[in-house]
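Since the structure comes first, as structure tokens, the remarks are kept for the end.
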Amino acid sequence: MLITKNEQLKKFAPETRLWQGIPAIEKTRGGKLFAALYSGNTKETVGNYCALLVSADDGKTWADPVAVAYIGEHGRCYDPCLWIDPNGRLWFIWAEHPARCVKAVICDNPDAEPLVWSDEFCLSGEVMLNKPIVLTSGEWLFPSAFWDGRLYGFPGQQDVFGESTVGGSAVLKSADRGKTISRIGGAIVPSRSFDEHMLLEKQDGTVHMYVRTTYGIGESVSYDRGKTWTTAFDSKLGGPCSRFHIRRLRSGSVLLINHVNFTGRNNLTALLSDDDGATWKWSLLLDGRNDVSYPDVTEDGDGNIYVIYDRERGCFKKSMAEALKDAREILLCKFTEDDIKAGRGENIKRSTVSRLGEYRGEDKNPYGELALYSDEEYIKLLVNTAEPQDALEKIFSRFGVSCSQMHQIDRRALDGAISELLVGGASLALVERVVSILSANKTVSDGAGAVFGRMMDYISENLTQDFTLDDMAERLSASKFYLCHLFKEKTGTSVYRYRQELRLSKAKKLLLETEFSLGDISEQSGFCDQSYFTKLFKLLENITPTEYRKLNK
Numbered sequence: 037m038l039i040t041k042n043e044q045l046k047k048f049a050p051e052t053r054l055w056q057g058i059p060a061i062e063k064t065r066g067g068k069l070f071a072a073l074y075s076g077n078t079k080e081t082v083g084n085y086c087a088l089l090v091s092a093d094d095g096k097t098w099a100d101p102v103a104v105a106y107i108g109e110h111g112r113c114y115d116p117c118l119w120i121d122p123n124g125r126l127w128f129i130w131a132e133h134p135a136r137c138v139k140a141v142i143c144d145n146p147d148a149e150p151l152v153w154s155d156e157f158c159l160s161g162e163v164m165l166n167k168p169i170v171l172t173s174g175e176w177l178f179p180s181a182f183w184d185g186r187l188y189g190f191p192g193q194q195d196v197f198g199e200s201t202v203g204g205s206a207v208l209k210s211a212d213r214g215k216t217i218s219r220i221g222g223a224i225v226p227s228r229s230f231d232e233h234m235l236l237e238k239q240d241g242t243v244h245m246y247v248r249t250t251y252g253i254g255e256s257v258s259y260d261r262g263k264t265w266t267t268a269f270d271s272k273l274g275g276p277c278s279r280f281h282i283r284r285l286r287s288g289s290v291l292l293i294n295h296v297n298f299t300g301r302n303n304l305t306a307l308l309s310d311d312d313g314a315t316w317k318w319s320l321l322l323d324g325r326n327d328v329s330y331p332d333v334t335e336d337g338d339g340n341i342y343v344i345y346d347r348e349r350g351c352f353k354k355s356m357a358e359a360l361k362d363a364r365e366i367l368l369c370k371f372t373e374d375d376i377k378a379g380r381g382e383n384i385k386r387s388t389v390s391r392l393g394e395y396r397g398e399d400k401n402p403y404g405e406l407a408l409y410s411d412e413e414y415i416k417l418l419v420n421t422a423e424p425q426d427a428l429e430k431i432f433s434r435f436g437v438s439c440s441q442m443h444q445i446d447r448r449a450l451d452g453a454i455s456e457l458l459v460g461g462a463s464l465a466l467v468e469r470v471v472s473i474l475s476a477n478k479t480v481s482d483g484a485g486a487v488f489g490r491m492m493d494y495i496s497e498n499l500t501q502d503f504t505l506d507d508m509a510e511r512l513s514a515s516k517f518y519l520c521h522l523f524k525e526k527t528g529t530s531v532y533r534y535r536q537e538l539r540l541s542k543a544k545k546l547l548l549e550t551e552f553s554l555g556d557i558s559e560q561s562g563f564c565d566q567s568y569f570t571k572l573f574k575l576l577e578n579i580t581p582t583e584y585r586k587l588n589k
């Protein structure tokens with residue numbers, strides 16, 4: 037659904053975004069610049085939307101947004117594309133899932149105010165990230181991808197692209213200036229990765245398709261204006277498995293925006309060819325920083341080239357603090373063909389289309405950070421947790437230190453409530469009961485570090501004794517469940533396994549430093565008998581105690 041009313045658009049303002057990226061750019065005949073990006077939620081998943089921005093001063097300032105494609109929190113609108121067709125109309129295109137279709141709206145006069153849009157309509161395919169081209173024959177070709185039926189970005193779906201046998205990197209055609217559009221063919225592309233393909237008509241009349249692959253950029257050729265295609269081969273253009281841009285300029289030269297001499301997504305560079313892509317004689321570094329990616333390009337009637345791209349999108353982060361460390365910006369470069377030939381980086385005019393700052397969205401805890409929940413919210417979050425042990429660990433993580441020093445009756449009441457929770461599940465009543473016992477003893481608690489130290493002392497002092505967790509809990513006046521949680525948190529192992537490792541370490545020392553018999557060593561190390569000691573030693577060390585002594589003494 038296309039949203040254009042100002043009141044509704046406030047929901048998608050920059051301050052409500054946690055991340056943004058995958059931009060598109062176009063310039064109208066009247067000089068307006070349009071940009072598009074996509075955002076929503078904390079990553080590329082359900083709840084995504086595509087936003088349209090406009091600038092009337094050649095990119096110095098932007099109205100953000102003036103339209104948004106959004107279908108709600110259970111669907112996705114993503115991978116926007118902008119195109120000015122030969123009639124001067126602005127196409128705003130995006131992918132929409134779970135409908136698995138490419139949607140578009142058209143503005144007949146994008147220089148007018150207000151913008152008036154057509155009804156939404158569907159194009160064949162699932163994603164169309166890059167611009168259509170117009171052949172010398174007058175036909176329009178659209179690069180549209182088919183993703184083998186998978187819903188990328190949806191929970192439970194595999195984000196994998198198979199070796200399609202039906203031409204997943206597909207081509208649509210219109211022979212009537214956009215009135216009707218239909219699929220005519222597609223290329224089989226080994227090692228394809230999200231497709232993101234682009235089309236280029238060569239001077240000999242062939243049409244070349246360039247496709248994002250795991251090794252860089254694949255290439256396929258059509259000799260019949262897009263109907264049939266060769267199996268894709270390595271174009272040798274390279275790239276870090278990321279979006280690129282290739283197009284013919286008004287001069288006849290071919291422009292390629294790609295990563296050059298890259299270590300990841302850095303060194304975004306403009307390359308120029310005057311021999312139809314056979315060689316690339318000139319280059320101009322646009323941005324050498326890390327995490328610069330997904331360029332889109334337009335050229336105006338005066339030969340000015342506009343390149344839009346994203347930097348440090350900020351998606352797929354685990355916390356607000358982590359997201360805010362990224363730039364989360366959409367950048368624009370303006371230069372000419374002559375600038376590329378002369379290598380004049382100082383002539384590049386740079387501007388910022390959008391940069392995110394402090395987040396002010398409605399969701400105050402978008403990453404579900406446990407520390408940001410109130411106690412009441414935290415408890416509700418734990419109710420009906422699938423694994424009771426997981427709920428217990430989260431309870432101790434939040435409230436656990438309060439139980440480190442308790443009166444005898446409190447400890448037993450706590451362990452009784454926890455036993456019920458582990459057997460019967462994390463019901464609201466049981467979670468509240470455990471939390472209330474923990475919270476009631478905050479004033480008599482030691483720090484977790486002090487409790488852990490006392491645990492270590494107890495284990496060392498009783499290494500030769502077969503003490504139980506109940507014995508240790510009784511001695512330390514603490515919950516046995518909390519002691520288990522704390523010990524695992526500090527050491528990564530259990531009390532019993534740690535005790536076994538200490539005993540084994542002591543046994544090794546006695547084997548090497550004394551002439552004691554195996555029976556005496558097993559007893560002094562805390563093992564119940566010599567036979568058990570020998571079997572355990574062989575199991576863990578893959579050698580008998582006697583062999584260990586002979587080899588190392």
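Using this note's numbering, read the sequence shown as starting at 37 and increasing by one per residue.
Yeah, the Cβ is synthetic: ideal placement off N, Cα and C, and Gly gets one too.
Owing to the predicted nature of the structure, the values given are computational and were not obtained by experimental measurement.
Asked	Found
Is the distance from the Cβ of Ala60 to the Cβ of Ala72 below 7 Å?	yes
Taking buried to mean at least 16 other C-beta atoms within 10 Å of its own C-beta, is Thr216 buried or exposed?	exposed
Going by DSSP in three states, Val590 sits in which element: helix, strand or coil?	As shown, the chain starts at 37 and ends at 589. That puts residue 590 outside it, with no answer to give.
Using only alpha-carbon positions, find the residue among Cys117, His521, Lys68, Met508 that is nearest to Phe432.	His521
Which two residues bound the contiguous beta strand (DSSP E) that contains Gly254?	252-258
Cβ atoms of Gly221 and Thr250: under 7 Å apart, would you say?	no
So, do the stretch 372-382 and the stretch 316-326 have three or more beta carbon pairs nearer to each other than 8 Å?	yes
Exposed or buried, Ala465, counting other C-beta atoms within 10 Å across all chains shown (16 or more means buried)?	exposed
At which residues does the alpha helix (DSSP H) containing Asn556 begin and terminate?	This sequence places Asp at residue 556; Asn is not what is there. Per DSSP, Asp556 belongs to the alpha helix (DSSP H) from 554-561.
By alpha-carbon positions, which one of Met491, Glu456, Leu450, Arg490 ends up nearest to Ser472?	Leu450
Sort Gly214, Leu474, Thr580 by Cα distance to Leu547 and report the nearest one.	Thr580
Hey, is the stretch 522-538 in contact with the stretch 548-558, meaning 3+ C-beta pairs nearer than 8 Å?	no
In chain order, which continuous runs of the alpha helix (DSSP H) of length 4 or greater are located wholly inside the stretch 491-544?	505-512, 516-527
In this structure, how does DSSP classify Arg248 when only helix, strand and coil are distinguished?	strand
Assuming contact is defined by CB atoms lying nearer than 7 Å, are Arg539 and Ser561 in contact in what I supplied?	yes
Where does the unbroken beta strand (DSSP E) through Arg284 begin, and where does it stop?	281-284
How is Gly57 classed by DSSP in three states: helix, strand or coil?	strand
For the alpha helix (DSSP H) containing Met356, name the first residue and the last one.	356-360
Grouping DSSP H, G and I as helix and E and B as strand, with all else coil, what is Asp240?	coil
If you drop the 5 nearest sequence neighbours on each side, which residues of the same chain put their C-beta closer than 7 Å to that of Asp332?	Pro59, Ala60, Ile61, His281, Ile344
Would you call the stretch 390-405 and the stretch 345-362 in contact, with 3 or more CB pairs under 8 Å?	yes
Quick one: any contact between the stretch 113-121 and the stretch 129-138, if contact means 3 or more CB pairs under 8 Å?	yes
Please state if the CB of Leu45 and the CB of Pro101 are separated by a distance shorter than 7 Å.	yes
For Arg396 versus Glu51, is the C-beta distance shorter than 7 Å?	yes
Give, in chain order, every unbroken run of the alpha helix (DSSP H) that is at least 4 residues long and sits entirely within the stretch 101-142.	none
Taking Leu54 as the reference, which of Glu348, Ile557, Asp212 has the closest Cα?	Glu348
Would you kindly work out how many angstroms separate the C-alpha atoms of Cys86 and Gln239, rounded to a whole number?	35 Å
How would you label Asn578, buried or exposed, when you count the other beta carbons within 10 angstroms and need 16 or more for buried?	exposed
When the Cα atoms are used, what is the spatial distance from Leu512 to Ser567?	33 Å
Less than 8 Å between the CB atoms is what I'm expecting for Arg228 and Ser205, so what's the real figure, rounded?	6 Å
Have a look at the DSSP bridge pairing and note the partners of His295.	Leu304
Give me the DSSP bridge partner(s) of Glu456.	Paired residue(s): none; Glu456 is not in a bridge.
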